[in-house]
Amino acid sequence: MNPLALMVFLISLAIGTTTTMLSHHWLLAWIGLEINTLALLPIMMKTPHPRAIEAATKYFLTQATASALMLFSCLINALQTGEWNINNPHNLMTTPLSLAIMMKLGLAPLHFWLPEVLQGTPLSTGLILSTWQKIPPMILLLQISPNINLSLTIIMGLTSILIGGWGGIGQTQLRKIMAFSSIGHLGWIILILKLNPQLSLFSFILYIIMTTAMFLSLIMLSTTKMSQISISWTKNPAMMTTTMLILLSLAGLPPLTGFQPKLLIILELIKQNMIISATLTMLTSLLALFFYLRLTYIVTLTLSPSTHNSTTTWRTSMKPQLPSAITSIMALTLLPLTPAILLM
């Protein structure tokens with residue numbers, strides 16, 4: 001893609017996200033989301049491949065459906081209340097608005113588009129789709145969180161954690177695994193949205209850090225399948241060790257960063273006397289833990305028959321390593337800072 005065109009699209013993404021984040025008016029927030037969607041479509045289709053075109057078409061249709069539902073809900077809300085203020089939606093319209101935004105996020109059972117779209121795009125576009133594109137809908141959900149239906153968030157959260165774990169078990173494509181990982185993590189975040197929006201925001205920031213670190217590691221290794229990542233050990237042992245630790249952090253194992261939001265969310269659920277929800281959350285998250293551990297085992301504890309000792313691929317690949325190093329350190333070492341972060 002022409003660098004100038006790419007710069008224009010990336011600036012449009014930033015403008016769309018900023019518009020949504022700063023707006024108190026439903027129509028402006030909707031316009032920001034549309035700018036975001038339309039700016040990402042050409043980036044998704046920068047490689048002229050049938051899978052990329054298919055992924056962009058699925059993404060456009062899904063986002064258009066969610067936008068239509070959101071605009072309809074906003075119009076009815078304006079008719080009922082006489083105002084377009086985001087912080088004060090009418091009780092009747094809170095649920096359809098929430099569903100439209102959750103569809104944009106890719107929460108189960110409205111997740112059907114996310115694995116297919118991620119699978120059809122390059123890793124760099126998948127990184128934008130899994131992190132940057134989640135920011136505007138999440139900000140809108142945080143703004144309407146006082147009025148959101150608690151039962152809806154618990155059902156969507158538990159379903160997303162279950163689908164995120166169950167769907168990732170049989171996958172061999174790393175982009176689909178990351179898609180189901182995204183669904184599962186967003187389920188944890190949504191589960192606590194009504195009860196503690198600050199904790200939801202904190203968990204969302206950590207999700208973005210860990211997902212960015214994982215995608216940057218995959219970009220550095222140029223791997224999109226398990227069969228490719230299983231023979232990468234001899235090319236770059238240090239990178240593979242870091243990738244294994246990031247996977248364990250995504251799984252939520254102590255003493256890594258990923259343990260932090262899961263622990264705090266479970267403690268918050270117990271504090272709210274939601275013992276059954278906390279128990280179901282922990283049990284369903286075991287599915288996700290299984291496929292993370294399986295992937296970790298394949299990455300570091302198995303040696304493929306086709307492994308060679310040549311380090312040529314590693315030495316000749318010139319890719320920016322600083323962003324990957326910074327995000328990897330943050331994805332692995334933030335757990336001891338939890339008390340300090342929570343006091344900020």
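Reminder that position 50 of the sequence shown reads as 50 in UniProt numbering, one-by-one numbering, no gaps.
Glycine included, each C-beta is placed from N, C-alpha and C at the ideal position.
1) On a Cα-Cα basis, can you pick out the residue from Phe72, Thr125 and Phe290 that is closest to Ala56?
2) For Ala340, report the span of its alpha helix (DSSP H) as first-last.
3) Which residues in the same chain have their Cβ closer than 6 Å to the Cβ of Val117, if we skip the five residues on either side of it in sequence?
4) In the structure shown, what three-state DSSP assignment does Gln171 receive?
5) I need the straight-line Cα distance from Pro122 to Thr81, nearest angstrom please.
6) Does DSSP classify Asn85 as helix, strand or coil?
7) Give the range of the alpha helix (DSSP H) segment to which Pro42 is assigned.
8) So, helix, strand or coil for residue 370, using DSSP?
9) Tell me the rounded alpha-carbon separation between Ala39 and Trp132.
10) On a CA-only basis, which of Lys46, Ile161 and Leu33 is nearest Gly120? Give me that one, please.
11) Taking only the alpha-carbon atoms, compute the straight-line gap between Phe290 and Pro136 and give it to the nearest angstrom.
12) Can you give, in chain order, each stretch of the alpha helix (DSSP H) that sits fully within the segment 184-236 and has at least 4 residues?
13) Based on Cα-Cα distance, which residue from Pro323, Ile190 and Leu142 lies nearest to Ile219?
14) What is the C-beta distance between Leu186 and Ser160, in whole angstroms, given that I count them as a contact (C-beta under 8 Å)?
15) Taking 6 Å as the limit between beta carbons, can you name the residues of its chain near Leu43, skipping five residues before and five after?
16) Is Gln260 closer than 8 Å to Leu332 when the C-beta atoms are compared?
17) How is the alpha helix (DSSP H) around Thr47 delimited, first residue to last?
18) Please identify the residue among Arg175, Ile265, Trp30 and Thr257 whose C-alpha is closest to the C-alpha of Ser222.
19) Would you grab the beta carbon distance between Ala179 and Ser328 for me? Rounded to a whole angstrom, and I think it's under 8 Å.
20) Give me the residue from Ile177, Pro339, Leu150 and Gln321 with the minimum Cα distance to Phe195.
21) Would you report the Cα separation of Ala278 and Pro50, rounded to the nearest angstrom?
22) Is Met93 closer than 8 Å to Ser67 when the C-beta atoms are compared?
23) Could you pull out every residue in the same chain whose Cβ sits closer than 7 Å to the Cβ of Leu201, ignoring the five residues on either side in sequence?
24) Run through the segment 109-180 for me and flag every whole alpha helix (DSSP H) of 4 or more residues, listed as ranges in chain order.
25) Could you check what DSSP says for Gln80 in three-state terms: helix, strand or coil?
26) Check whether the segment 245-256 and the segment 281-300 touch, using three or more Cβ-Cβ pairs below 8 Å as the test.
27) Going by Cα to Cα distance, which pick from Ile169, Gln198, Ile144 and Thr296 is closest to Gly184?
28) According to the Cβ coordinates, are Val299 and Met240 closer than 8 Å?
29) Taking the alpha-carbon of Ala52 as reference, which of Pro115, Ile148 and Leu28 has the nearest alpha-carbon?
30) Using the three-state DSSP reduction, which class does Gln321 fall into: helix, strand or coil?
31) Given this structure, state the Cα-to-Cα distance separating Pro339 from Pro197, to the nearest angstrom.
In brief:
1) Position 56 of the sequence shown, counting from 1, holds the residue named residue 56. The candidate whose alpha carbon is nearest that of Ala56 is Thr125.
2) Walking along the sequence shown from the start, residue 340 turns up at place 340. Segment Thr338 to Leu343, the alpha helix (DSSP H) holding Ala340.
3) On the sequence shown, position 117 is the one that residue 117 refers to. Closer than 6 Å at Cβ, skipping near neighbours: Ala55, Lys58 and Tyr59.
4) Start at 1 with the first residue of the sequence shown, and residue 171 comes out as number 171. Correct three-state label for Gln171: coil.
5) Counted from its first residue, the sequence shown places residue 122 at position 122. Counted from its first residue, the sequence shown places residue 81 at position 81. Cα to Cα, the separation comes out at about 44 Å.
6) The residue given as residue 85 occupies position 85 in the sequence shown. Three-state DSSP puts Asn85 in a strand.
7) Taking the sequence shown and counting its residues from 1, the one referred to as residue 42 is at position 42. Here the alpha helix (DSSP H) through Pro42 covers Trp26 to Met44.
8) Residue 370 cannot be examined here, being either before or after the span of the chain that is shown, 1 to 344.
9) Numbered from 1 along the sequence shown, position 39 holds the residue referred to as residue 39. Numbered from 1 along the sequence shown, position 132 holds the residue referred to as residue 132. Near 12 Å, if we compare the C-alpha coordinates of Trp132 and Ala39.
10) Taking the first residue of the sequence shown as position 1, residue 120 is located at position 120. Nearest of Lys46, Ile161 and Leu33 to Gly120, Cα basis: Lys46.
11) Reading the sequence shown from its first residue, position 290 is the one you call residue 290. Reading the sequence shown from its first residue, position 136 is the one you call residue 136. If I take the Cα positions, the gap works out to 31 Å.
12) 197-221 and 226-229
13) For the purposes of this step, residue 219 is taken as the residue at position 219 of the sequence shown. Of Pro323, Ile190 and Leu142, the residue nearest in Cα terms is Pro323.
14) Residue 186 sits at position 186 when you count from the first residue of the sequence shown. Residue 160 sits at position 160 when you count from the first residue of the sequence shown. Leu186 to Ser160, Cβ: 6 Å. Contact.
15) In the sequence shown, residue 43 corresponds to position 43, counting from 1. Looking at the sequence shown, residue 43 is not Leu but Ile. Answer for Ile43: Phe9 and Thr125, listed in chain order.
16) The count along the sequence shown starts at 1 and reaches residue 332 at position 332. The count along the sequence shown starts at 1 and reaches residue 260 at position 260. Contact flag unset, no.
17) Taking the sequence shown and counting its residues from 1, the one referred to as residue 47 is at position 47. Looking at the DSSP string, Thr47 is not in any alpha helix (DSSP H), and its letter there is neither H nor E.
18) Residue numbering aside, residue 222 sits at position 222 when the sequence shown is read from its first letter. The shortest Cα separation from Ser222 among Arg175, Ile265, Trp30 and Thr257 belongs to Arg175.
19) In the sequence shown, residue 179 corresponds to position 179, counting from 1. In the sequence shown, residue 328 corresponds to position 328, counting from 1. Incorrect: roughly 21 Å between the Cβ atoms, too far for contact.
20) Here the question's residue 195 lines up with position 195 in the sequence shown. Looking at the sequence itself, residue 195 is Leu, so the reference to Phe does not match. Nearest option by C-alpha distance: Leu150.
21) Numbered from 1 along the sequence shown, position 278 holds the residue referred to as residue 278. Numbered from 1 along the sequence shown, position 50 holds the residue referred to as residue 50. Approximately 43 Å between the Cα atoms of the pair.
22) Taking the first residue of the sequence shown as 1, we reach residue 67 at position 67. Taking the first residue of the sequence shown as 1, we reach residue 93 at position 93. The answer is no: Cβ separation not under 8 Å.
23) By one-based count along the sequence shown, residue 201 stands at place 201. Leu142.
24) 114-119, 123-130, 135-143 and 150-169
25) One-based indexing of the sequence shown puts residue 80 at position 80. DSSP places Gln80 in helix when its eight states are reduced to three.
26) yes
27) Position 184 of the sequence shown holds residue 184. Ranking Ile169, Gln198, Ile144 and Thr296 by Cα distance to Gly184 puts Ile169 first.
28) Counting from one through the sequence shown, the residue named residue 299 turns up at place 299. Counting from one through the sequence shown, the residue named residue 240 turns up at place 240. Taking 8 Å as the Cβ cut-off, Val299 and Met240 qualify as a contacting pair.
29) Taking the first residue of the sequence shown as position 1, residue 52 is located at position 52. Comparing Cα-Cα distances from Ala52 to each of Pro115, Ile148 and Leu28, the minimum goes to Pro115.
30) By one-based count along the sequence shown, residue 321 stands at place 321. Residue state, collapsed to three classes: coil.
31) In the sequence shown, residue 339 corresponds to position 339, counting from 1. In the sequence shown, residue 197 corresponds to position 197, counting from 1. If you take the alpha carbons of Pro339 and Pro197, they lie about 18 Å apart.
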